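What follows is a single structure, written as structure tokens, with notes after it.
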Amino acid sequence: APARTRTARNTKHNINEKTVKNYLETFGYLEKGQLEVGNLLMGDMAQSYEDDFRIAIKTLQQFGGIPVTGEIDAATKQLMRQRRCGRPDRELHEGGRHKR
Amino acid sequence: FAKQGEMWKHTNLTWSMSSRLIPSQLNLHETRHVLARALDVWEQASRLTFTEVNSDEADIVVSFARRNHGDAYPFDGRGSILAHAFFPGSGRGGDAHFDDDELWLLQPKNDDEEGTSLFAVAAHEFGHSLGLSHSSVKGALMFPWYQGIQPNFVLPEDDRHGIQDMYGPKVKKKWADNPNYRPIQTPPTTTTTTTTTTTTRRPYIHYHDRHHTNHRHDYNPRNPEKPNYYPTPPTYYPIPPHHPRPTPETTTRSVTNRPARYPNVGHEYPSHPRPNYPNHNVPKAKPSPTVRPTPSSDIPDTCNTSYDAVALIRGELFIFKNRYHWRIGSQGRYPQYPIEISRMWSGLPKDLTHVDAVYERPDKKIAFFVGRKLYLFDSQYLVRGYPKPLTHLGLPESLEKIDAAMVWGHNDKTYFYSGTMYWKFDEEEGRVELDYPRDMSMWKGVGYNIDSVFQWRDGKTYFFKGKGFWKFNDLHMRVEHERQLPSATFWMKC
Numbered sequence: 001a002p003a004r005t006r007t008a009r010n011t012k013h014n015i016n017e018k019t020v021k022n023y024l025e026t027f028g029y030l031e032k033g034q035l036e037v038g039n040l041l042m043g044d045m046a047q048s049y050e051d052d053f054r055i056a057i058k059t060l061q062q063f064g065g066i067p068v069t070g071e072i073d074a075a076t077k078q079l080m081r082q083r084r085c086g087r088p089d090r091e092l093h094e095g096g097r098h099k100r
Numbered sequence: 001f002a003k004q005g006e007m008w009k010h011t012n013l014t015w016s017m018s019s020r021l022i023p024s025q026l027n028l029h030e031t032r033h034v035l036a037r038a039l040d041v042w043e044q045a046s047r048l049t050f051t052e053v054n055s056d057e058a059d060i061v062v063s064f065a066r067r068n069h070g071d072a073y074p075f076d077g078r079g080s081i082l083a084h085a086f087f088p089g090s091g092r093g094g095d096a097h098f099d100d101d102e103l104w105l106l107q108p109k110n111d112d113e114e115g116t117s118l119f120a121v122a123a124h125e126f127g128h129s130l131g132l133s134h135s136s137v138k139g140a141l142m143f144p145w146y147q148g149i150q151p152n153f154v155l156p157e158d159d160r161h162g163i164q165d166m167y168g169p170k171v172k173k174k175w176a177d178n179p180n181y182r183p184i185q186t187p188p189t190t191t192t193t194t195t196t197t198t199t200t201r202r203p204y205i206h207y208h209d210r211h212h213t214n215h216r217h218d219y220n221p222r223n224p225e226k227p228n229y230y231p232t233p234p235t236y237y238p239i240p241p242h243h244p245r246p247t248p249e250t251t252t253r254s255v256t257n258r259p260a261r262y263p264n265v266g267h268e269y270p271s272h273p274r275p276n277y278p279n280h281n282v283p284k285a286k287p288s289p290t291v292r293p294t295p296s297s298d299i300p301d302t303c304n305t306s307y308d309a310v311a312l313i314r315g316e317l318f319i320f321k322n323r324y325h326w327r328i329g330s331q332g333r334y335p336q337y338p339i340e341i342s343r344m345w346s347g348l349p350k351d352l353t354h355v356d357a358v359y360e361r362p363d364k365k366i367a368f369f370v371g372r373k374l375y376l377f378d379s380q381y382l383v384r385g386y387p388k389p390l391t392h393l394g395l396p397e398s399l400e401k402i403d404a405a406m407v408w409g410h411n412d413k414t415y416f417y418s419g420t421m422y423w424k425f426d427e428e429e430g431r432v433e434l435d436y437p438r439d440m441s442m443w444k445g446v447g448y449n450i451d452s453v454f455q456w457r458d459g460k461t462y463f464f465k466g467k468g469f470w471k472f473n474d475l476h477m478r479v480e481h482e483r484q485l486p487s488a489t490f491w492m493k494c
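Sequence lines, in order, name chains S and U.
Residues in the first sequence are numbered from 1 upward in steps of one, following this note's numbering.
Residues in the second sequence are numbered from 1 upward in steps of one, following this note's numbering.
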């Protein structure tokens, strides 16, 4: 495996889509494992998963009291860097959303 | 505010610091003081009271841990995730965990100072311990992101509404509100209690005394060899000379167990002849746990037992307890049951004492979990290569046993439950899914450490714990009724 690079060590501060996905899943805004399946699907299915991702970001922005844009903007990154409680903000149902 | 759903059934809660997981950087005494203040925030706003105890069995146990510490919420070093807590319930319910890698401050800090106020975070986490979820109201204590703490902190309105909605406001005594009120110093009232005790549990040194006064008996404690024809007057002395010096162990035992060992005490007294004294104080040897009870002794009482495992196999209900199982078909319970499990599944270990969980896989094979091993049967025959360790399924090395297993009809996925956590198992891959374990609180109402779970013919899910069971509502993800129904009447038709 490639040696760890300094940037890798700073991933906690560099927020990319994967980090956002983990954050959204950890704190209950996105069902875990949902996006992997989305990547496998093509066409409008993948599009609807993009929608889920965007909806999840909007929900996070609304809950955190920052402008709701659906984008991973500066305010959202700032919110994700803040210290917080480890409990999810929303208790997802195990039997939750059926995969489309 | 948002209520999670679980709440404590009693209001006089106990809390303690974990005896094992203590903060590595903080003074323990000061830490306890800060935690007590954080609990007081909720006590002042509701009927709840909090008493610190020195036990890991308290309702709320506070721990300081690092990274992965055995629950579904690993910590991440300094920053980001600070702490988490569990909603009310038995076992780990109500407990609060703090990330020991954080720079915790016990005193209010200046804004330019780095660090995290333990008081602020603890007050928030204890909100979860009492049943509150996160609130989206900025400034609320239950807002999920850390906001520091203002001097002279007062519980915000949103949180006060939440806790009073669950436990009711604090009941204030009018006279206590009057700052000028000084209770009159009344002399302490002495109460004399007159008790007429005819119990047999008297300190045993009186035992001889009573014998002497009540019966003309020939035993002479001073000189056991020479019988005494005349009762000697009652004498008090701490230990009869013929007894070995009491050790804490024997003293305790002799007080608590004495009636059984001195047949002439209590209801059998005085009519029985006395045994000869010298050896009646010799404790009977207890059977060591490794000695197997006689077979008949562990046959479970069909109408008065909990269950180790319950499974629907080929459409028939199998209930397992100890080394035995019952079989219930469409015509009801098979006669002659319970019979030994190994009579039907002979591939199980010879010294089997019980099974932990059983389920029928989608491929119709039958999985038995016994301790750290999985035994897979094709009908009654052990599949080659089994038993296999739980780690073979992707379960952690530290897992000692599975409490329950089932294929959940709601999504046709297999689930394993153990302690406070559960896993989703991918039958095709033969391993549990990566983003598990998760916390049992997802299955609202069943608590932790369940005995068994299974999906019945009616397509409903049933959780078992102790001698009762819950019917589970799969859509609402919670039990249909808080109170358990007795298992024996429903499943065994007792």
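Where is the CB? At the ideal position from N, CA and C, for every residue including glycine.
Bear in mind the structure is a predicted one, so any value in this text is a computation, not a measurement.
Residue i - DSSP class collapsed to helix/strand/coil
| i | result |
| --- | --- |
| residue 254 of chain U | Here the model assigns residue 254 of chain U a pLDDT of 38, short of 50, so the residue's position is not dependable, and the following value carries that caveat. In the structure shown, residue 254 of chain U sits in a helix (DSSP, three-state: H, G or I). |
| residue 127 of chain U | helix |
| residue 438 of chain U | strand |
| residue 492 of chain U | coil |
| residue 84 of chain U | strand |
| residue 146 of chain U | coil |
| residue 445 of chain U | coil |
| residue 76 of chain S | helix |
| residue 233 of chain U | The predicted position of residue 233 of chain U is uncertain, since its pLDDT is 45 and thus under 50; a value taken from the coordinates is nonetheless stated next. In this structure, residue 233 of chain U counts as coil in the three-state DSSP scheme. |
| residue 271 of chain U | Residue placement at residue 271 of chain U cannot be trusted, given a pLDDT of 41 that sits under 50; what the coordinates show is reported in the next sentence. In this structure, residue 271 of chain U counts as coil in the three-state DSSP scheme. |
| residue 22 of chain U | coil |
| residue 90 of chain S | coil |
| residue 321 of chain U | strand |
| residue 165 of chain U | helix |
| residue 298 of chain U | helix |
| residue 132 of chain U | strand |
| residue 47 of chain U | coil |
Short Cβ contact (8 Å threshold) for residue i with residue j
| i | j | result |
| --- | --- | --- |
| residue 85 of chain S | residue 83 of chain U | yes |
| residue 54 of chain S | residue 70 of chain S | yes |
| residue 355 of chain U | residue 370 of chain U | yes |
| residue 60 of chain U | residue 15 of chain U | yes |
| residue 120 of chain U | residue 148 of chain U | yes |
| residue 408 of chain U | residue 417 of chain U | no |
| residue 41 of chain U | residue 155 of chain U | yes |
| residue 453 of chain U | residue 394 of chain U | no |
| residue 138 of chain U | residue 44 of chain U | no |
| residue 437 of chain U | residue 96 of chain U | no |
| residue 101 of chain U | residue 70 of chain U | no |
| residue 333 of chain U | residue 465 of chain U | no |
| residue 386 of chain U | residue 399 of chain U | no |
| residue 127 of chain U | residue 6 of chain U | no |
Those residues which DSSP pairs with residue i across a bridge
| i | result |
| --- | --- |
| residue 52 of chain U | U:15 |
| residue 69 of chain U | Note: residue 69 of chain U sits in no beta bridge, so no partner. |
| residue 473 of chain U | U:478 |
| residue 42 of chain U | Note: residue 42 of chain U sits in no beta bridge, so no partner. |
| residue 406 of chain U | U:415 |
| residue 455 of chain U | U:461 |
| residue 310 of chain U | U:319 |
| residue 99 of chain U | U:65 |
Candidates the options: closest to residue i by CA position
| i | options | result |
| --- | --- | --- |
| residue 79 of chain U | U:340, U:116 and U:96 | U:116 |
| residue 18 of chain S | S:79, S:89 and S:72 | S:72 |
| residue 99 of chain U | U:107, U:86 and U:81 | U:81 |
| residue 166 of chain U | U:408, U:10 and U:156 | U:10 |
| residue 118 of chain U | U:67, U:130, U:128 and U:146 | U:146 |
| residue 412 of chain U | U:461, U:440 and U:447 | U:461 |
| residue 87 of chain S | U:129, U:469 and U:345 | U:129 |
| residue 489 of chain U | U:483, U:467 and U:481 | U:467 |
| residue 46 of chain U | U:330, U:12 and U:482 | U:12 |
| residue 151 of chain U | U:108, U:158 and U:123 | U:108 |
| residue 430 of chain U | U:398, U:450, U:397 and U:390 | U:390 |
| residue 537 of chain U | U:330, U:353 and U:324 | Look at the range of chain U in this structure, 1 to 494, and you will see that residue 537 of chain U is not part of it. |
| residue 122 of chain U | U:114, U:157 and U:86 | U:86 |
| residue 153 of chain U | U:39, U:168 and U:422 | U:39 |
| residue 444 of chain U | U:93, U:22, U:426 and U:65 | U:93 |
| residue 25 of chain U | U:397, U:133 and U:106 | U:106 |
| residue 52 of chain S | S:90, S:24 and S:81 | S:24 |
- Task: Count the C-beta pairs between the stretch 401 to 409 of chain U and the stretch 61 to 74 of chain S that are closer than 8 Å, then say yes if the count reaches three, no if not.
- Result: no
- Query: Three or more C-beta pairs closer than 8 Å, one from the stretch 156 to 174 of chain U and one from the stretch 133 to 143 of chain U: is that the case here?
  - Reply: yes
- Message: Could you check whether the stretch 297 to 313 of chain U touches the stretch 357 to 377 of chain U, counting it as contact only if at least three pairs of C-beta atoms, one from each stretch, sit closer than 8 Å?
- Response: yes
- Message: Quick test of the definition: if touching needs 3 or more C-beta pairs under 8 Å, does the stretch 470 to 479 of chain U touch the stretch 16 to 34 of chain U?
- Response: no
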